[in-house]
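Enquirer: What follows is a structure written as structure tokens; I'll ask about it next.
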Amino acid sequence: MLLANATLATMEGAAPYGLIRDAAVQIEGKKIVWLGPMAEAPGGPSMDMEGRLITPALIDCHTHVVHGGHRAGEFEMRLNGASYAEVARAGGGIVSTVAATRAASAEELLEGALRFVDALLAEGVSLIEVKSGYGLDVETEVKMLRVARLIEQHRPLRVRTSFLGAHALPVEYQGNTQAYISDVCIPALGAAVAEGLVDAVDGFCETIAFTPEELEPLFSHAAALGLPVKLHAEQLSQGGGTQMAARFGALSADHVEYATEADAKALAAAGSVAVLLPGAFYTLRETQAPPVAAFRAHGVPMALATDCNPGSSPMASLLLAMNMGCTLFRLTPEEALAGVTREAARALGLSDTGRLRPGLRADLAVWNVESPAELSYRIGFNPLHQRIFGGVICQT
Ligand code: DI6
Ligand code: FE
1 MLLANATLAT
11 MEGAAPYGLI
21 RDAAVQIEGK
31 KIVWLGPMAE
41 APGGPSMDME
51 GRLITPALID
61 CHTHVVHGGH
71 RAGEFEMRLN
81 GASYAEVARA
91 GGGIVSTVAA
101 TRAASAEELL
111 EGALRFVDAL
121 LAEGVSLIEV
131 KSGYGLDVET
141 EVKMLRVARL
151 IEQHRPLRVR
161 TSFLGAHALP
171 VEYQGNTQAY
181 ISDVCIPALG
191 AAVAEGLVDA
201 VDGFCETIAF
211 TPEELEPLFS
221 HAAALGLPVK
231 LHAEQLSQGG
241 GTQMAARFGA
251 LSADHVEYAT
261 EADAKALAAA
271 GSVAVLLPGA
281 FYTLRETQAP
291 PVAAFRAHGV
301 PMALATDCNP
311 GSSPMASLLL
321 AMNMGCTLFR
331 LTPEEALAGV
341 TREAARALGL
351 SDTGRLRPGL
361 RADLAVWNVE
371 SPAELSYRIG
381 FNPLHQRIFG
391 GVICQT
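In the numbering used here, the protein residues as written are 1 to 396.
In structure tokens:
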């Protein structure tokens, strides 16, 4: 099938967005087989795209869409003046989501996740990353990753999973971090790997979570299993997480609001991606933005994602994340679109998508816009015309 009379944002090459106007893209099966100017287009059956913009399908490379319950109650408590301590004493925070996730059945977790997945699909997303991390025991961490894998059987998109057993310390291990890592986290990772449920290993390196030293045994174990790592790092403070991620050749360091110039150099040398999560920055009303200028100066690829989770980023719109990336972090619209396509694929270690190029997957998004900048310019407006997944036009 030839998609004719389109503007292609290939996201590679010298031109901004890799833009090719008056162009066409030829799809055979699940792959792009040709793209270029209309004048050079091959013959055969075609669809008139009526001048619309075609981009690579969007990629949300950092989500927690599998989880039980919600945290609207603590949101309301805080806005009625309760302190974080009062919220915590009332059982709020990650621990409340852990309790709800342990109590939920796999069917209930899947039903809950699909609501957020459907919102992402409606905005042209065809690949998402899904983390565990609300189980904090072997059984529930495995349950979460089984559900993450099930998503692909219920919706037309691809899912990559990350084991995040080192997300928080469960109440039963308070004061005993090393035991949690050795007696729960590492065995849970082994059980999940045994079922083929893990594509990468993640952790939360922060004063309220784990230190680099506490995470080291888990990351070394991941490396011994041949699994890539990624890390929630420097979200609320400078704690050496980004340096550790770079030391392990991580796919990405995520949040990175408190990363330094030295951290940017380390990420560049390691070939790691900085994943920016403006939804959490906005929700927590943070004041220090990630060092975007340093990432640019050292050539650190920057991705953008929703961090869709019930506490710090209850956001299921990647288009809004693009707008926030520009408005809050001063990314250019081209960097924002690259952040949810080319660089998001890189943050997941995938080279078969994220650009328009012959040989790559025909995962495309067709937009009712005149300029790619419109995708990050508008707030709460979805200009998607069509989503094409593996060469098939999807209704969702
Ligand atoms: N950083 C965050 O902001 C979230 N997890 C993490 O590693 C918080 C998740 C939650 O509040 O449920
Ligand atoms: Fe996160």
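Just so it is clear, CB atoms sit at the ideal spot from N, CA and C, and this is done for glycine as well.
Is the beta carbon of VAL229 less than 9 Å from the beta carbon of VAL130?
Expert: Walking along the sequence shown from the start, residue 229 turns up at place 229. Walking along the sequence shown from the start, residue 130 turns up at place 130. Cβ distance not < 9 Å, so VAL229 and VAL130 don't count as in contact.
Enquirer: Tell me which residues share the same chain as GLU335 and place their Cβ nearer than 7 Å to its Cβ, disregarding the 5 neighbours each side in the sequence.
Expert: Here the question's residue 335 lines up with position 335 in the sequence shown. Contacts found: MET302.
Enquirer: For a test of your reading of the model: does the CB of ASP199 fall under 8 Å from any non-hydrogen atom of ligand 2? Yes or no.
Expert: Counting from 1 along the sequence shown, the entry for residue 199 is found at position 199. No, since every heavy atom of ligand 2 falls outside the 8 Å radius drawn around the Cβ of ASP199.
Enquirer: Report yes or no: do three or more beta-carbon pairs, one from the region 288-296 and one from the region 312-322, lie closer than 8 Å?
Expert: No, the region 288-296 does not touch the region 312-322.
Enquirer: Under 8 Å from any heavy atom of ligand 2, does the C-beta of ASP307 make it?
Expert: Translated into positions along the sequence shown, residue 307 becomes position 307. Result yes, Cβ under 8 Å from ligand 2.
Enquirer: Helix, strand or coil for ASP137 per DSSP?
Expert: Taking the first residue of the sequence shown as 1, we reach residue 137 at position 137. The answer is coil: DSSP assigns ASP137 none of H, G, I, E or B.
Enquirer: Taking LEU384 as the reference, which of ALA280, SER376 and ALA264 has the closest Cα?
Expert: Taking the first residue of the sequence shown as 1, we reach residue 384 at position 384. It is SER376 whose Cα lies nearest to the Cα of LEU384.
Enquirer: Could you pull out every unbroken alpha helix (DSSP H) segment of at least 4 residues lying fully inside the region 274-320, listed in chain order?
Expert: Those alpha helix (DSSP H) runs which fall completely within the region 274-320 and span 4+ residues are 278-283 and 292-297.
Enquirer: What would DSSP say about GLN153, mapped onto helix, strand or coil?
Expert: Along the sequence shown, read from residue 1 onward, the residue named residue 153 stands at position 153. Residue state, collapsed to three classes: helix.
Enquirer: Helix, strand or coil, according to DSSP, for PHE389 in the structure here?
Expert: Here the question's residue 389 lines up with position 389 in the sequence shown. Three-state result, PHE389: strand.
Enquirer: Return the CA-CA distance between GLY271 and GLY349, expressed in angstroms with no decimal places.
Expert: If you number the sequence shown from 1, residue 271 lands on position 271. If you number the sequence shown from 1, residue 349 lands on position 349. When rounded, the distance between both Cα atoms is 11 Å.
Enquirer: Taking DSSP as the reference, what is the three-state secondary structure of MET47?
Expert: Taking the sequence shown and counting its residues from 1, one reaches residue 47 at position 47. Strand at MET47.
Enquirer: Could you tell me which residues DSSP puts in a beta bridge with ARG158?
Expert: By 1-based counting over the sequence shown, the position of residue 158 is 158. LEU127, per the DSSP bridge assignment.
Enquirer: Just to confirm, are VAL273 and ALA347 a CB contact at a threshold of 9 Å?
Expert: Taking the sequence shown and counting its residues from 1, the one referred to as residue 273 is at position 273. Taking the sequence shown and counting its residues from 1, the one referred to as residue 347 is at position 347. Closer than 9 Å, so yes.
Enquirer: With which residues is VAL229 paired in a DSSP beta bridge?
Expert: Along the sequence shown, read from residue 1 onward, the residue named residue 229 stands at position 229. Looking at the DSSP assignment, VAL229 forms a beta bridge with VAL201.
Enquirer: Among LYS265, CYS61 and PHE381, whose alpha-carbon lies nearest the alpha-carbon of ARG247?
Expert: Residue mapping note: residue 247 aligns to position 247 of the sequence shown, counting from 1. Nearest of LYS265, CYS61 and PHE381 to ARG247, Cα basis: LYS265.
Enquirer: Assign ASP183 to buried or exposed, taking buried as 16 or more other Cβ atoms, counted over all protein chains shown, within 10 Å of its Cβ.
Expert: The residue given as residue 183 occupies position 183 in the sequence shown. Classification of ASP183: exposed, given that the 10 Å Cβ count is below 16.
Enquirer: Which residue's Cα is closest to the Cα of LEU382: ALA104, ALA122, ALA148 and GLY73?
Expert: Looking up residue 382 in the sequence shown gives position 382. With the sequence shown as reference, residue 382 is identified as Asn, and Leu is not the correct amino acid for it. Ranking ALA104, ALA122, ALA148 and GLY73 by Cα distance to ASN382 puts ALA122 first.
Enquirer: Sorted by chain position, which residues of the same chain lie with C-beta nearer than 6 Å to ALA100's C-beta, five sequence neighbours on each side aside?
Expert: Against the sequence shown, residue 100 aligns to sequence position 100. Here the set comprises GLY68 and GLY69.
Enquirer: According to DSSP, is ILE94 helix, strand or coil?
Expert: The residue labelled residue 94 in the question sits at position 94 within the sequence shown. Helix.
Enquirer: Tell me whether the region 41-57 and the region 364-371 touch, counting them as touching only if at least three CB pairs, one residue from each stretch, are closer than 8 Å.
Expert: Touching, yes.
Enquirer: By DSSP, does HIS221 sit in helix, in strand, or in coil?
Expert: Mapped onto the sequence shown, residue 221 falls at position 221. HIS221 falls in the helix class under three-state DSSP.
Enquirer: Are there 16 or more other CB atoms within 10 angstroms of the CB of SER105, so buried, or fewer, so exposed?
Expert: Against the sequence shown, residue 105 aligns to sequence position 105. Under this definition SER105 is an exposed residue.
Enquirer: Expressed to the nearest angstrom, what Euclidean distance is found between the alpha-carbon atoms of GLU214 and GLN178?
Expert: Working through the sequence shown from its first residue, we reach residue 214 at position 214. Working through the sequence shown from its first residue, we reach residue 178 at position 178. Near 6 Å, if we compare the C-alpha coordinates of GLN178 and GLU214.
Enquirer: With three or more beta-carbon pairs closer than 8 Å as the criterion, would you say the region 189-208 touches the region 163-175?
Expert: Output reads yes: the region 163-175 touches the region 189-208.
Enquirer: Does DSSP put GLN235 in a helix, in a strand, or in coil?
Expert: Numbered from its first residue, the sequence shown carries residue 235 at position 235. Here GLN235 sits in coil by DSSP.
Enquirer: Assign GLU141 to one of two classes, buried (16 or more other C-beta atoms within 10 Å of its C-beta) or exposed (fewer than that).
Expert: As a working note, residue 141 is residue 141 in the sequence shown. Its Cβ being crowded by 16 or more others within 10 Å, GLU141 is buried.
Enquirer: Quick check on ILE59: does DSSP put it in helix, strand or coil?
Expert: For this step, residue 59 is matched to residue 59 along the sequence shown. In this structure, ILE59 counts as strand in the three-state DSSP scheme.
Enquirer: Tell me which residues share the same chain as ASP307 and place their Cβ nearer than 6 Å to its Cβ, disregarding the 5 neighbours each side in the sequence.
Expert: For the purposes of this step, residue 307 is identified with residue 307 of the sequence shown, where counting begins at 1. Excluding sequence neighbours, ASP307 sits near HIS62, LEU277, GLY279, ALA280 and SER313.
Enquirer: Do LEU8 and SER46 have their C-beta atoms within less than 9 Å of each other?
Expert: Within the sequence shown, the letter at position 8 stands for residue 8. Within the sequence shown, the letter at position 46 stands for residue 46. The answer is no: Cβ separation not under 9 Å.
Enquirer: Ligand 1 and ALA280: does any heavy atom of the ligand fall closer than 8 Å to the residue's C-beta?
Expert: For the purposes of this step, residue 280 is identified with residue 280 of the sequence shown, where counting begins at 1. Yes, the Cβ of ALA280 comes within 8 Å of a heavy atom of ligand 1.
Enquirer: So what's ASN470 in DSSP terms, helix, strand or just coil?
Expert: Outside the modelled stretch of the chain, which goes from 1 to 396, sits residue 470, for which no answer is possible.
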